[in-house]
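Going by my numbering, the final residue of the sequence shown carries number 848, and the count climbs one at a time with no gaps.
C-beta: ideal position from N, C-alpha, C; glycine also.
Notes follow the structure.
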Amino acid sequence: MDEQPFRGRAARPDLNDAFPADLIETRGPALLGESRATTAALVGAQLLRLVARAGGTRVKPSAADRAIDLLARVVSEDAQRWCEDEARRIAHWCVDEPDAEPEVDGDRGVMASADRDARVAVIAWAIQAGLDVELEWYDETEDRWPRLRATPLRTESADGEDVVVVKTALADIVIPIANLRWLMPVERRVVAAPKVGRVLAFPTFGEEE
């Protein structure tokens, strides 16, 4: 993907104006303990750095670099790469002008227009890396949106439709790739084996005793 997605854009004419927010003291430290909030902030900082390098914001590139360094300390290297990839995808979405397509209402339309090959590639990478996946999909049978964490086993074609087979604690589930709304590789959970203790034999007594 292009390292400079905003290449060719002219810098803002007010780029050298003061940014008042930088002059105000903070009220205290911020604690981002929830992974989604942290990765959202990291994606935002990485996107801001791309914009800053192209002269599109009064926030200095060095400030964006500092924010990225701080946020990157609390997420894995894989998460950092995914966040950087997402920031670049957002940047390209901002500047690219794809051909107009007929509008499709609802989440089903969003899924239908998404890149299925990319989903298959993510699943294949998760399998190769020994990771689990968190995913959400549309269950046509029950007309609902289940969400779970599972171990991806394989992708295959069933009845002319690409599907992913995942393993849960209860059973293997077959999910159509086209029905996936959200997919994210995560570290595999290690379930500790139950500890087995030695059975003690107690003495038995007769009726008189």
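Exposure label - residue i; buried when at least 16 CB within 10 Å
i	result
T807	exposed
V869	The question about residue 869 has no answer here: the residues shown for the chain are numbered 640 through 848.
A768	exposed
T678	buried
R666	exposed
P652	exposed
A718	buried
A693	buried
Check whether residue i and residue j have beta carbons under 8 Å apart
i	j	result
Q685	E723	yes
V827	D771	Residue identity check: residue 827 is Arg in the sequence provided, not Val. Yes, the pair counts as a contact, with Cβ atoms nearer than the cut-off.
I816	D801	yes
V803	I762	yes
A703	A691	yes
L822	R758	yes
R697	L654	yes
F645	L689	yes
R648	G695	yes
C-alpha distance - residue i paired with residue j, whole-angstrom precision
i	j	result
K699	A789	41 Å
L709	E781	44 Å
A680	L687	10 Å
A765	R786	18 Å
A850	Y777	Nothing in the structure corresponds to residue 850, since the chain is present only between 640 and 848.
R793	L774	15 Å
E673	E725	19 Å
H731	G683	14 Å
E664	S701	18 Å
E779	P668	46 Å
D798	R783	22 Å
L809	P791	14 Å
Residue i - partner residues in DSSP beta bridges
i	result
V825	D771
W776	L819
List, from N- to C-terminal side, the beta strand (DSSP E) runs of 3 residues or more that fit wholly inside the region 782-821. 786-797, 800-806, 811-815
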